[in-house]
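Working notes, structure below.
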Amino acid sequence: MSKALKPIPEFASEADEKAFWETHDSTEYLDWTKAQRIVLPNLKPSTKTISLRLPQHLLDSIKAAANSRDVPYQSLIKVWLQEKLHSQ
């Protein structure tokens with residue numbers, strides 16, 4: 134037998150809703166056994182800035198390759214890294 138769920142209250146603002154969910158258990162309001170996974174294909178993945186030290190001649194070669202493809206060199210590096218990861 135499933136327990137009776139409490140109705141989710143109306144919130145005046147996003148801040149009120151955030152404060153509410155920080156102090157209440159969602160399982161009293163939602164039946165998580167009926168939850169479904171969804172895919173959000175249009176979300177852009179978050180990125181993180183890193184520092185990568187490369188020999189100048191290697192960076193020059195990468196920039197030349199990117200220039201011949203008419204793409205930014207950092208984008209080309211990301212594509213190459215992704216391709217290498219998928220090929221293994």
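Start counting the sequence shown at 134; every next residue gets the next number (my numbering). The beta-carbon is built from N, C-alpha and C at its ideal position, and this holds for glycine as well. Predicted, not measured: the structure shown is a model, and the values here were computed from it.
Return yes when the Cβ of residue j is within less than 8 Å of the Cβ of residue i, no when it is not.
i: E161; j: L138; result: yes
i: P205; j: A199; result: yes
Which one of the options has the shortest CA to CA distance from residue i?
i: P140; options: L163, D149, E150 and F153; result: L163
i: L185; options: K167, P174, Q207 and V172; result: Q207
In angstroms, rounded to a whole number, what distance separates the CA positions of residue i and residue j?
i: M134; j: W165; result: The predicted model places M134 with a pLDDT of 47, which falls under 50 and marks its position as unreliable; any figure quoted below should be read in that light. Spanning the two alpha carbons is a distance of roughly 15 Å.
i: P188; j: L176; result: 34 Å
i: K181; j: I210; result: 14 Å
i: I195; j: S201; result: 10 Å
i: S179; j: W213; result: 19 Å
Within the present structure, is the beta-carbon of residue i separated from the nearest heavy atom of the ligand SAH by less than 7 Å?
i: V172; result: What this structure holds is no ligand at all, so the ligand SAH is not there to describe.
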